[in-house]
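Below is one structure; the comments refer to it alone.
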Ligand code: ARG
Ligand code: GLU
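In this note's numbering, the protein residues as written are 29 to 743.
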């Protein structure tokens, strides 16, 4: 009895039991979640969601590019994903004269669709639990020989599954290596751009609204997967034809209602639900505040210069978006974890873990030392975590000229081993990289970053983490002198001179560069980091991973009667919840849905984040919503209580009947701690209503012909 009570408390406390938390393995729905899903209204079977023998939803959900999800919405390989997922493809076809980012792009027939070298769509053939084969022959092994055996087993399994290059196969650990799954993909490499709304729709609200509700972004873009005449993956060719998929999602015109069952299928990238209290403490009280502090400094400098100079505004737009995306999420994460009392909750969970261990009959030794080891390891990690974050954010990501410094050969040994032909290739590659770099570089902005961030590095980090060359330099000069002495003297701040130097680059050029003041400074920092930060940081992290694996094993044993889901690892998952709003603060109630009316209300003349195009205003004014509107309103976005994370962008939101009703693109700020701890009260994902997508394609863009190939369902 006591045990049962304990389990219930444990389950309620933290990891499982809360209704909508979880990112589930699609092959295990039968075992874990289908009952609850059906109670909530879901009408399909586990086989309808995932099957290798029959057409199932999984055949319509793909990995789009390297970090997003997409779904197939016609029998001719039409693919839907987010605007921010297609962004770089759209950008690559854009120029000042033909600005698809500002104006949108719509292929009016198949031969106007635009190829995107390097872009892929990966279809999951199958996934299998291969734990037994991975662990085969490892029982008596430890340490390096265990690692080696595991690696060899994994390699063999992958190679077999690849069938001589026909598939891409990857074995990934789940539950910190307590389980392994094999994933086999068919990879399509001819993926063409079909349509994208203008930025004023696809990125409406910009970074201001990012991570926020209420939201009014039409964050979608459309592509098409092409195959060869045998319907197999093939490199781009004019002879390729639209791919005939095994499955595609029917598109519902019916819309959504509060409390409707809602499901996401997709590729959530990474979560950390099973961390110990010490790790959560470190994130709340050190890692996130440090990174937020540095990025606040960066973003302030960005905006100051972007405001001053329209050219800089364009050059730094994407840098700003990238830098601010995580910055804003980290802030929400800290707030959310504190609000949840996350450290206390974890400590209570750990107390129960301890108790469970003492109550168990076997008293497995490994579990006994888990918590004391965490305690010690996180104390050891703390100073290194700080140094690691400062170096990452400042030296390797923050200051642009250091990125440029990293392009060049470090000595002439390697160079001398190459012949003239290869030298020529290297020079060409360097020039290309430099040109790209200078396109998005503003010297004044970067100089200010240089002094501001280096000052932070010196004032906030313990001396032992900094090379002498660096501290001496900073002690000797004030900001202005430092810039002149180091930055302006560097050939790296002079594109023309650098160009010349690289055009007939040789051993002399290499040694000249290595004496450059910026490169010398960068190398001093880089080498000091490698020797005095990274090595130790990594070795502590490795030990933490080992302990975490034991802890996870213990948790799995302790909760064997409960449902556990593995942390996200960019493999296909099912998550579900219901359509609902939330109360972000006392006295405030957020509705579950927004409409086009809100777009008009947010409009601000001259603010690029809240630009509204005349055509959209006109459609709104005349309520010309076609069959996509309802009760005189045009729905735009909505929220549901589904557990999602980065990588879920572009995931289909599927209703109880297995039809597409929305497209996931973000989470609400108050719930961004869900990567570490989920709160059913506050965690909401954000989707574009599919009716808004159809409305924009048809009424706004006049590309309604695309709807003809979709399977629109009206009941
Ligand atoms: N927050 C969303 C996601 O991680 C969207 C990011 C892109 N949009 C933007 N305004 N920066 O990642
Ligand atoms: N925008 C995120 C992405 O690009 C999804 C939002 C989230 O983190 O939940 O995957």
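Don't be surprised by glycine CBs; every beta carbon is placed ideally from N, CA and C. Note that the coordinates shown come from a computational prediction; the quantities given were computed from them, not determined experimentally.
Out of the options, state which residue places its alpha-carbon closest to the alpha-carbon of residue i.
i, options, result
"residue 128", "137, 142, 298", "142"
"residue 251", "137, 106, 302", "106"
"residue 59", "625, 373, 626, 588", "588"
"residue 681", "79, 411, 110", "110"
"residue 358", "371, 700, 368", "700"
"residue 361", "419, 300, 215, 291", "300"
"residue 68", "247, 728, 670", "670"
"residue 703", "727, 686, 675, 187", "675"
"residue 548", "656, 90, 498", "498"
"residue 385", "241, 582, 610, 639", "582"
"residue 349", "653, 115, 404, 623", "115"
"residue 666", "276, 608, 510", "608"
"residue 567", "186, 215, 408", "408"
"residue 117", "364, 56, 192, 248", "248"
"residue 378", "131, 626, 366, 403", "403"
"residue 193", "262, 132, 159", "262"
"residue 223", "236, 210, 241, 246", "246"
"residue 164", "388, 172, 184", "184"
"residue 160", "210, 152, 243, 171", "210"
"residue 664", "620, 286, 332, 540", "620"
Is residue i buried or exposed, if buried means 16 or more other CB atoms sit within 10 Å of its CB?
i, result
"residue 29", "Confidence is the limiting factor: at residue 29 the pLDDT is only 44, short of 50, which leaves the residue's position unreliable and the question unanswerable from this model."
"residue 9", "The first residue shown for the chain is 29 and the last is 743, placing residue 9 beyond what the model contains."
"residue 40", "Model confidence at residue 40 stands at a pLDDT of 45, short of 50, so the residue's coordinates are unreliable; what they give is reported in the following sentence. With fewer than 16 other Cβ atoms within 10 Å, it is exposed."
"residue 123", "exposed"
"residue 288", "buried"
"residue 491", "exposed"
"residue 336", "exposed"
"residue 447", "exposed"
"residue 43", "With a pLDDT of 44 at residue 43, under the threshold of 50, the modelled position of this residue cannot be trusted, and the question is left open."
"residue 304", "buried"
"residue 369", "exposed"
"residue 311", "buried"
"residue 238", "buried"
"residue 683", "buried"
"residue 510", "buried"
"residue 506", "exposed"
"residue 315", "buried"
"residue 292", "buried"
"residue 485", "buried"
"residue 366", "exposed"
Once the 5 residues before and after residue i are set aside, which same chain residues still bring their CB inside 7 Å of it?
i, result
"residue 677", "96, 97, 110, 112, 113, 692, 693"
"residue 593", "50, 51, 52"
"residue 398", "575, 578, 579, 582"
Cutting at 8 Å between CB atoms, please list the residues of its own chain near residue i, excluding the five before and the five after it.
i, result
"residue 272", "103, 104, 105, 255, 259"
"residue 264", "143, 145, 217, 218, 254"
"residue 535", "440, 443, 444"
"residue 416", "561, 562, 565"
"residue 174", "166"
"residue 309", "371, 406"
"residue 458", "435, 436, 530, 533"
"residue 427", "474, 477, 478, 481, 482"
"residue 611", "617, 618, 709"
"residue 412", "561, 564, 565, 568"
Using a Cβ-Cβ cut-off of 6 Å (strictly less than) and excluding sequence neighbours within five positions of residue i, which residues of its own chain qualify?
i, result
"residue 741", "278, 280, 687"
"residue 201", "208"
"residue 722", "656"
"residue 572", "405"
"residue 121", "128, 142"
"residue 707", "368"
"residue 235", "349, 352"
CB of residue i to nearest heavy atom of the ligand ATP: below 7 Å?
i, result
"residue 672", "No copy of the ligand ATP occurs in the structure displayed; its ligands are the ligand ARG and the ligand GLU alone."
> Does the region 521 to 533 come within contact of the region 553 to 565, defined as at least 3 CB pairs closer than 8 Å?
Replying inline: Counting Cβ pairs under 8 Å, fewer than three are found: no touch.
> Three or more beta-carbon pairs under 8 Å between the region 130 to 140 and the region 204 to 219, yes or no?
Replying inline: Fewer than three pairs of CB atoms, one per stretch, sit closer than 8 Å, so the region 130 to 140 makes no contact with the region 204 to 219.
> Using 8 Å as the threshold, is the region 84 to 92 in touch with the region 172 to 189, meaning 3 or more CB pairs across them?
Replying inline: Verdict: no, contact absent.
> Counting pairs of beta carbons, one from the region 594 to 607 and one from the region 226 to 241, are three or more of them closer than 8 Å?
Replying inline: The region 594 to 607 makes no contact with the region 226 to 241, as fewer than three CB pairs between them are under 8 Å.
> Are the region 638 to 657 and the region 720 to 731 touching by the rule of at least three beta carbon pairs closer than 8 Å?
Replying inline: Touching, yes.
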